[in-house]
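See below for the structure under consideration.
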Amino acid sequence: MVEDVAGRLEGLVERLSASGWLTRERVAAALRDVPRHAFVPAVAWSGEGDRVDRATAPEGWLDLVYRDDAIITQLDDGRTDVAAGSGRFTSSCSAPSTVVSLLELLDAEVGHRVLDVGTGTGWTAALLSRMVGVENVTSVEVDPFVSAQAAENLKGVGAFPRLVVGNGADGWEEGALFDRVHATCGVSRVPYAWVRQTRPGGVIVTPYAPGFASSHELRLVVMPDGTAVGRFTGYASYMMMRSHRQPPWPASGEGGTTCTTPIDPRTIGYAPAGADLAMGAFLPGVNAQGRHEGDTYVLRLWSEQAWATATYRPGQRVHEVRTSGSLNLWEEAARAYFWWVGQGSPGRDRFGITVASGAEAVWLDAPNNLIGS
Ligand SMILES: C[S@@+](CC[C@H](N)C(=O)[O-])C[C@H]1O[C@@H](n2cnc3c(N)ncnc32)[C@H](O)[C@@H]1O
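In this note's numbering, the protein residues as written are 60 to 432.
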């Protein structure tokens, strides 16, 4: 195979540095030492239509592997052959910029004991092994087939971290206390087991996506009182932990009570990340999803007890709202949105969260300024 892995790898490191994702030498050294192509299947698929077979196009395959794109490695929890090219993305080799971003936030030192949640291809477990020492890394994956493939990939680069098949939401009790928890699947709430299994002063980084549209990068520090406190540091696009996925839109989403609103539903549906955090805090357990149907935009809101739709159609001055259940979710979402506007439309970086046993609470600017219900 004609290949210039070193050149492509260096190119990736340079691009990640130039774009500001990569700033720490320790993370750069791990990227250089752990070749990403050892974790990518022979038919690589970026999920955006780019699909390259190493056997027939080795150069193109390497180009794809060393681009800043996720490579999809599983569809529909393994029920659909990944070669089919369409289905729900359920495992991947994450995009280098998002991987680097979480690793920089993690701030792991040599000798730190690290719990990696969502082994996937094993790439992040290998990077962490390089950063803290392989004997200090435990990586948990829910899917036994994915974990077995990761073991093969890791063997290929001579790295043997502890691999555990199980529900990463439970952490790994036997390995506690950890210095760092590094999750590469999104959660809708932070599993308290991670906090309990991390020493005071230890750090947890995770993609966090409660029901309201946006997905956030979260960095928590564990406190001596057994809580964890931290801020939302940026955008994070990750596949969700299996048990934390959005529940389906209720099949009974027909009927309901109809009224109108002068508020354009896109105001809520397109709201920025800070507003999503506020709405999520005021409406815990509520999911939001916007759908375009031609020129029409439908915002869906739903929880276990209620649902609502708000529909924008071009040229209309008022918009149809349908609601059903014990709470008018449209009104509640609009109330939370305008609360956020009244606070000066704070950005994501002004919000944080405190995680305690059995509860988590979002705050604005400081942990004593809790918001929501
Ligand atoms: C984006 S991939 C992880 C990428 C990976 N770190 C890498 O380097 O390739 C997310 C992974 O989380 C796994 N996952 C989903 N739910 C999980 C759970 N409850 N516990 C552990 N792993 C889970 C998925 O099966 C998937 O392999």
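All C-beta atoms, glycine included, are put in the ideal place defined by N, C-alpha and C.
A quick note: this is a predicted structure, and the numbers were derived from the prediction, not measured.
Residue i: CB within 7 angstroms of a non-hydrogen atom of ligand 2
| i | result |
| --- | --- |
| Trp182 | Of the ligands this structure carries, namely ligand 1, none is ligand 2. |
When the options are compared against residue i, the one with the closest alpha-carbon
| i | options | result |
| --- | --- | --- |
| Val201 | Cys244, Pro220, Thr320 | Cys244 |
| Phe237 | Ser302, Val249, Gly261 | Gly261 |
| Trp398 | Ala330, Ala337, Pro269 | Ala337 |
| Val169 | Ser153, Leu186, Gln133, Trp182 | Leu186 |
| Ala347 | Ser274, Gly353, Gly314 | Ser274 |
| Gly417 | Val377, Tyr251, Gly215, Met300 | Tyr251 |
| Arg304 | Gly344, Gly315, Pro331, Val280 | Gly344 |
| Gly70 | Arg83, Arg85, Leu90 | Leu90 |
| Gly66 | Asp122, Val288, Gly314 | Asp122 |
| Gly137 | Glu232, Ser76, Asn195, Ser206 | Ser206 |
| Asn212 | Gly79, Pro100, Tyr329 | Pro100 |
| Gly328 | Cys318, Arg350, Leu68 | Arg350 |
| Ile263 | Gly353, Leu161, Asn387 | Leu161 |
| Met300 | Ser150, Ala367, Trp80 | Ser150 |
Rounded distance between the beta-carbons of residue j and residue i, thought under 8 angstroms
| i | j | result |
| --- | --- | --- |
| Pro220 | Ala184 | 5 angstroms |
| Val199 | Thr178 | 7 angstroms |
| Phe291 | Phe98 | Not a contact, Cβ separation roughly 28 angstroms. |
| Ser404 | Gly333 | 7 angstroms |
Per-residue burial, residue i [other beta carbons within 10 Å of its own, 16 or more giving buried]
| i | result |
| --- | --- |
| Asp424 | exposed |
| Glu73 | exposed |
| Arg2 | Residue 2 lies beyond the range of the chain shown here (60 to 432); nothing can be said about it. |
| Gln208 | buried |
| Asp335 | buried |
| Glu276 | buried |
| Asn428 | exposed |
| Pro373 | exposed |
| Val421 | buried |
| Thr316 | exposed |
| Gly270 | buried |
| Gly314 | exposed |
Sequence-distant residues of the same chain with beta carbon closer than 6 angstroms to residue i, five excluded per side
| i | result |
| --- | --- |
| Pro203 | Val224 |
| Thr139 | Gly146 |
| Gly217 | none |
| Gln256 | Gly230, Ala235, Phe237 |
| Asp127 | Ala154, Pro155, Ser156 |
| Val176 | Val199, Gly227, Ala242 |
| Val102 | Asp112 |
| Thr320 | His378, Val380 |
Near ligand 1: residue i beta-carbon under 7 angstroms from a heavy atom
| i | result |
| --- | --- |
| Arg301 | yes |
| Phe204 | no |
| Cys244 | yes |
| Val159 | no |
| Met190 | no |
| Cys318 | no |
| Val201 | yes |
| Thr178 | yes |
| Ala252 | no |
| Thr149 | yes |
| Ser145 | no |
| Gly106 | no |
| Ser153 | yes |
| Tyr125 | no |
| Ala228 | yes |
| Phe237 | no |
| Tyr267 | no |
| Phe98 | yes |
| Met294 | The sequence as given places Tyr at residue 294; Met does not occur at that position. No, ligand 1 has no heavy atom inside 7 angstroms of this Cβ. |
Cβ neighbours of residue i in the same chain (closer than 7 angstroms, five flanking residues each side left out)
| i | result |
| --- | --- |
| Ser385 | Gln364, Ala365 |
| Phe148 | Gly106, Ile131, Leu134, Met298 |
| Ala143 | Leu134 |
| Met60 | Since pLDDT at Met60 reaches only 47, below the 50 mark, its modelled position is unreliable, and no value is offered. |
| Ala395 | Ala337, Met338, Phe341, Leu342 |
| Val64 | Pro94, His96, Leu121 |
| Leu68 | Arg91, Pro94, Tyr125 |
Cutoff 8 angstroms: residue i Cβ touching any chain E Cβ
| i | result |
| --- | --- |
| Val64 | This model lacks chain E altogether; it includes just one protein chain. |
Sequence-distant residues of the same chain with beta carbon closer than 8 angstroms to residue i, five excluded per side
| i | result |
| --- | --- |
| Glu391 | Phe341, Leu342, Val345 |
| Asp323 | Tyr371, His378 |
| Met282 | Pro259, Val288 |
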